[in-house]
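These notes are about the structure you will find just below.
Numbering (my numbering), first residue to last: 2 to 254.
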């Protein structure tokens with residue numbers, strides 16, 4: 002089993018060791034609180050599409066995981082195309098070495114590219130999935146990982162200079178809620194909404210196959226522009242092509 006890593010979950014910390022592929026895996030979880038170690042459990046899980054997985058239990062409580070591996074799957078781009086699009090997305094945020102960066106609902110491969118091409122002082126990744134966060138933490142121990150949505154990020158992690166919203170359709174919030182929350186967590190800087198496979202994959206594939214996970218479409222320019230203005234954001238770049246979506250917003254206090 003791989004070395005364990007801290008992944009912060011709500012008000013507790015999960016200590017994870019994980020190995021395997023996106024098809025099957027073993028998870029060891031030690032649960033900690035401010036009072037110290039509470040216990041641990043070991044579970045084995047298998048990815049079953051369109052279903053929830055229980056990967057372990059402790060004192061009558063289950064660790065529930067949902068399968069997000071479909072976001073990594075890409076029949077639209079070649080490896081080179083995906084790498085080029087990732088570079089374009091990352092460059093749009095103007096990350097500097099002193100930047101405080103948030104990656105919301107990223108894939109592990111995107112974080113790999115972000116750490117490699119835009120090293121920075123402080124990086125936080127948030128996701129619903131402990132499995133995704135564990136994969137990120139295993140590869141990049143300095144990345145702070147927090148399980149949950151945009152509204153539960155601890156104050157100690159922000160303000161952020163650059164924000165990557167990597168898979169908005171799966172975040173379970175409206176664009177109004179997202180930007181309202183980010184307005185209180187950003188210093189003047191850039192927010193990048195993107196999806197490297199484009200709108201059609203979300204609407205015609207992901208929403209049809211995974212309706213419990215994918216609850217929103219990528220915002221169109223008119224609705225995004227109106228909502229952005231209400232929360233002191235300004236669109237400085239917008240691309241809505243068949244196989245690529247990119248919206249870059251600048252935040253002003």
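In this text, a Cβ means the ideal position worked out from N, Cα and C, and glycines have one as well.
Mark residue 112 as exposed unless 16 or more other C-beta atoms lie within 10 angstroms of its C-beta, in which case mark it buried. buried
Would you mind sorting residue 197 into buried or exposed? The rule is 16 or more other CB atoms within 10 Å of its CB. buried
So residue 153 and residue 123 are in contact, right, with Cβ under 8 Å, and what is the actual spacing, rounded? Between residue 123 and residue 153 the Cβ distance is about 18 Å, and since that is not below 8 Å, they are no contact.
Residue 154 lies in the alpha helix (DSSP H); which residues open and close that run? Premise fails: residue 154 is in no alpha helix (DSSP H) and is neither H nor E.
Just to check my reading of the structure: residue 72 and residue 108 have Cβ atoms closer than 8 Å, yes? What is that Cβ distance to the nearest angstrom? 6 Å
How big is the Cα-Cα spacing for residue 195 and residue 139? 24 Å
Whole-angstrom distance between residue 78 and residue 160, CA atom to CA atom: 34 Å
Where do the ends of the alpha helix (DSSP H) carrying residue 93 lie? Residue 93 -> no alpha helix (DSSP H), and no H or E assigned at all.
Start-to-end residues for the alpha helix (DSSP H) that takes in residue 182: 176-184
Range covered by the alpha helix (DSSP H) that runs through residue 205: Careful: residue 205 lies outside any alpha helix (DSSP H) and carries neither H nor E.
Is the stretch 88-97 close to the stretch 175-193, with three or more CB pairs under 8 Å? yes
So the beta strand (DSSP E) residue 142 belongs to, where does it begin and stop? Here residue 142 belongs to no beta strand (DSSP E), and DSSP marks it neither H nor E.
Please classify residue 168: does DSSP put it in a helix, a strand, or coil? coil
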